[in-house]
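Numbering (the numbering used here), first residue to last: 190 to 538.
The beta-carbon is built from N, C-alpha and C at its ideal position, and this holds for glycine as well.
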């Protein structure tokens, strides 16, 4: 999936790009490999700790499980799982998280099934015990995951957490004095928006203890969220844009003490932007070319390349002349032909 955009600002003469692509079909074979990292079942009885698939890339046919908050006395009310890295084969290798009523997790409720290369927001159990299961299939491995967990008694939220903002512009704020273990989320989904841009006016959160996750989503439910940025510390990041027209903000405050942020958002609709020749199309040939032509300010163009039977795609950039920074050609990898869960491969400017 390819996106190209040019935004307000000085226009470059004859700005454009040309991109050639071709496909090839890879032949693969299966070989069973013994696990060299985590394997089997683990119980982690402490109030906090870490879990990972192991050092380096995980292996094929790997299967590991952990029970968190096990045998605490008295038992805590919740277990919070926070990921600092996450890279699995999308749609094939999974971390599955359950909330359990008993220490052996014989009575468990599914909380989340996680895959792909997007760092997920914090996951918490509604009971004091959590089960985490990691599994990989027969082919393709990546770096895996690293997570920390904490068992605690009270999970707090922000007063306006859960809101879906539908105005074309607005402001989102986090409170100045949230208690420890606060998780809040908002979704920005203006009707017919092609893009949503978030800009931080104030950011004063506590180092690695507090994190703001920004995701791009295809629907307001954000079940297919793709991570755009992970914000920590007190320095406001550059503007963050979701080109699906929906942006999710998740705020995790995991240490007691003052913490605050304020961010404004704006959006663009189809009536406000220009397009490229032959954009917004699906290309199914085994090879071809796409180009922006000389683009205008406020240009938004997309192409989906989905050749039947192809197992990989190679793109060769023949020319690129854009305003550095705001104007960019972005290339995404997709697990399915509808590209509902895109993963950013490159951003070129």
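Classify residue i as helix, strand or coil using the three-state DSSP reduction.
i	result
residue 419	strand
residue 395	coil
residue 470	strand
residue 496	coil
residue 218	For residue 218, the predicted structure reports a pLDDT of 27, less than 50, and the residue's modelled location is therefore unreliable. The matter cannot be settled from this model.
residue 390	strand
residue 340	strand
residue 505	strand
residue 459	helix
residue 346	coil
residue 490	strand
residue 519	strand
residue 528	coil
residue 196	Note that residue 196 scores a pLDDT of 47, beneath 50, so its modelled location is shaky and nothing firm can be said.
residue 357	coil
residue 314	coil
residue 333	strand
residue 369	coil
residue 378	coil
residue 485	coil
residue 352	coil
residue 362	strand
residue 475	coil
residue 384	strand
residue 536	strand
What residues in its chain sit with their C-beta under 7 angstroms from that of residue i, if we drop five residues either side in the sequence?
i	result
residue 462	383, 487, 488, 489
residue 470	492
residue 495	471, 473, 526
residue 290	296, 316
residue 398	443, 444
residue 134	Nothing about residue 134 can be reported from this structure: the residues present for the chain run from 190 to 538 only.
residue 247	226, 325, 330, 333
residue 280	304, 524
residue 344	267, 313, 370, 372
Output needed for residue i: all residues of its chain with C-beta closer than 6 angstroms, excluding positions within five of it in sequence on either side, in chain order.
i	result
residue 360	453
residue 310	402, 439
residue 285	302, 322
residue 451	362, 390, 391
residue 386	428, 430, 455
residue 342	265, 266
residue 271	311, 337
residue 357	379, 456
residue 236	340
residue 276	306, 331, 332
residue 234	259, 260
residue 485	463
So residue i packs on residue j, CB below 8 angstroms; how close in whole Å?
i	j	result
residue 258	residue 317	5 angstroms
residue 513	residue 481	With 8 angstroms as the limit, residue 513 and residue 481 do not qualify as a contact, their Cβ atoms being about 16 angstroms apart.
residue 242	residue 305	Actually they are not in contact, since the Cβ atoms of residue 242 and residue 305 sit about 15 angstroms apart, beyond 8 angstroms.
residue 274	residue 314	In fact, because the Cβ distance is near 21 angstroms, the residues do not count as touching under 8 angstroms.
residue 409	residue 435	6 angstroms
residue 340	residue 420	With a Cβ gap of about 26 angstroms, residue 340 and residue 420 do not count as contacting.
residue 325	residue 282	4 angstroms
residue 500	residue 519	Wrong, their Cβ atoms sit about 22 angstroms apart, outside the cutoff.
residue 511	residue 505	That belief does not hold up - the Cβ atoms of residue 511 and residue 505 are roughly 17 angstroms apart, past 8 angstroms.
Leaving out five residues on either side along the sequence, give the residues of the same chain with a beta carbon under 8 angstroms from the beta carbon of residue i.
i	result
residue 355	378, 379, 380
residue 228	251, 252, 253
residue 393	423, 447, 448, 449, 450
residue 238	257, 337, 338
residue 231	240, 253, 254, 255, 256
residue 294	256, 287, 318, 320
residue 411	376, 404, 435, 437
residue 346	371, 372, 373
Comparing the C-beta of residue i with each C-beta of chain D, is any distance below 8 angstroms?
i	result
residue 468	Annotation note: the requested chain D is absent from the structure, which comprises a single protein chain.
Legend entry - Three CB pairs or more closer than 8 angstroms across the region 436-447 and the region 371-389: Taking 8 angstroms as the limit for Cβ pairs, the verdict is that the region 371-389 does touch the region 436-447.
Inset, instruction - Could I get the ranges of all uninterrupted beta strand (DSSP E) runs contained in the region 226-275, with 3 residues as the minimum, in chain order? - result: The region 226-275 contains, as complete beta strand (DSSP E) runs of 3+ residues, the segments 229-233, 237-241, 252-257 (chain order).
Inset, instruction - Would you list, in sequence order, the uninterrupted beta strand (DSSP E) runs of no fewer than 3 residues that lie entirely inside the region 399-457? - result: With a minimum length of 3 residues, the continuous beta strand (DSSP E) runs that stay inside the region 399-457 are 399-405, 415-420, 429-431, 436-442.
Inset, instruction - For the region 279-327, list the beta strand (DSSP E) runs that are entirely contained and at least 3 residues long, ordered along the chain. - result: The beta strand (DSSP E) runs of length 3 or more contained entirely in the region 279-327 are, from start to end of the chain, 283-289, 297-303, 318-324.
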